[in-house]
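To start, the structure under review is shown below, and the notes come after it.
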Amino acid sequence: MRRKAVVTVSRRRSPSAPSVAKKIVVTGRVLVRVRKRVRRPAPLGPYATEVMTRLKRAHPDAHCELDYKTPLQLLVATILSAQCTDKRVNMVTPVFFRTFPTAAAMADAPVDQVEDVIRSTGFFRNKAKSLIGLGKALVERHNGEVPDSMDELVKLPGVGRKTANVVLGNAFDRNEGVVVDTHVGRLSTRLGLTRETDPVKIERDLMPLFPRDEWTNVAHVLIFHGRRVCHARVPRCDVCVVADICPSSRV
Ligand code: SF4
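Residues in the sequence shown are numbered from 1 upward in steps of one, following this note's numbering.
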């Protein structure tokens, strides 16, 4: 006679309790019997909150250091900031904004003139091409205005998810994601907030750890900490406010 299926799964005492027992009996025959010890990592949420609380206290002035007045200016400045310091970009952008004040002006700009203006930011040939293409795309698709959605922004020449997040978070006050630049990537790894190396995957790991309305500021705080304390080559763990909980601390 065929008997009813029986499924028994032991209840764990807490989410982190290691023991799991499972027994499945179907038609009188034991099909699966599993008894193993599973070590689960501690949830990152409380740790991430503690890290961010301390870092925010250490860098209350964390903010976007690129100078801009409009979404278009921030978009241009962010494109120019690739492989370049914000300080250098801020020296170049006043001339750029004066010479090419609108998307239409950028679209019609002679490439050698754009290259001359932005030369000192590095990779100036690619950046000039992106900026002229950006001007054209904005004129053709968005009436010369910068769109305020991730979907539309990442379709523009020279604009990836990082640049789109910078513009959305700072110019439009919209938290669509976390900016993952070189500092945010390095600190997230050192702090044990991710094991990923790809910026998009790092961002995916960071987002659930912090309230959405803090995503833009989380990046600012990590960037400030990276510039001031957790340097790429020699991190200053001796003066770091999270040295006692950071898994990469050297003290
Ligand atoms: S303890 Fe050291 S490695 Fe960890 S965040 Fe601070 S400076 Fe960086």
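Yeah, the Cβ is synthetic: ideal placement off N, Cα and C, and Gly gets one too.
Predicted model, so just to flag it, every value in this text is computed and none were measured.
Problem - Beta carbon of residue 114 nearer than 7 Å to that of residue 131 - result: yes
Problem - 7 Å Cβ cutoff met for residue 109 and residue 100 - result: yes
Problem - residue 190: CB within 6 Å of a non-hydrogen atom of the ligand SF4 - result: yes
Handout entry: Cβ shell of residue 249 (< 6 Å), same chain only, five flanking positions each side left out
Key = 237, 243
Practice task
Report the residue from 235, 158, 153, 172 whose alpha carbon sits nearest the alpha carbon of residue 164.
Solution key: 153
Exercise for the section: To the nearest angstrom, report how far apart residue 140 and residue 206 are at their CA atoms. Expected result: 35 Å
Problem - Rounded separation between residue 239 and residue 191 - CA only - result: 15 Å
Handout entry: Pair within 7 Å by beta-carbon distance, residue 209 and residue 44
Key = yes
Exercise for the section: Look up residue 102 in the DSSP assignment and say whether it is helix, strand or coil. Expected result: coil
Handout entry: Cα-Cα separation, residue 64 to residue 85
Key = 12 Å
Exercise for the section: Give me the Cβ distance between residue 121 and residue 175, rounded to the nearest whole Å; I'm assuming they're in contact under 8 Å. Expected result: 28 Å between Cβ atoms; not a contact.
Practice task
Find the nearest neighbour of residue 220 within the set 56, 51, 48, 49, judged by alpha-carbon distance.
Solution key: 56
Problem - Pick from 70, 138, 158 that is closest to residue 125, judged by C-alpha positions - result: 158
Exercise for the section: Take the Cβ of residue 173 as the centre, count every other Cβ of all protein chains shown within 10 Å, and call the residue buried at 16 or more, exposed below. Expected result: exposed
Exercise for the section: Specify, as a first and last residue, the run of the alpha helix (DSSP H) that residue 47 falls within. Expected result: 45 to 58
Problem - Through-space distance from residue 97 to residue 78, alpha-carbon basis - result: 13 Å
Practice task
Using 6 Å as the cut-off, classify the Cβ of residue 243 as near or not near the heavy atoms of the ligand SF4, replying yes or no.
Solution key: yes
Exercise for the section: Check whether the Cβ of residue 246 sits closer than 6 Å to any heavy atom of the ligand SF4, and report yes or no. Expected result: yes
Practice task
For residue 149, count neighbouring C-beta atoms within 10 Å of its own C-beta (all shown protein chains included) and say buried if the count is 16 or more, exposed if not.
Solution key: exposed
Handout entry: Inter-residue Cα distance where the pair is residue 129 and residue 135
Key = 10 Å
Handout entry: Where the alpha helix (DSSP H) through residue 66 begins and ends
Key = Counting along the chain, residue 66 falls outside any alpha helix (DSSP H), and DSSP gives it neither H nor E.
Problem - Residue range of the unbroken alpha helix (DSSP H) whose run includes residue 71 - result: 71 to 80
Exercise for the section: Pull up the distance between the alpha-carbon of residue 89 and that of residue 117, whole angstroms please. Expected result: 11 Å
Exercise for the section: Please find out if some non-hydrogen atom of the ligand SF4 comes closer than 6 Å to the beta-carbon of residue 184. Expected result: no
Handout entry: Residue environment, residue 203, which counts as buried when at least 16 other CB atoms sit within 10 Å
Key = buried
Exercise for the section: Let me know if residue 22 comes out buried or exposed under the rule of 16 or more other beta-carbons within 10 Å of its beta-carbon. Expected result: Note that residue 22 has pLDDT 42, beneath the 50 cutoff, so the model's placement of it is unreliable and the number below is only indicative. Classification for residue 22: exposed.
Practice task
Assign residue 198 to one of two classes, buried (16 or more other C-beta atoms within 10 Å of its C-beta) or exposed (fewer than that).
Solution key: exposed
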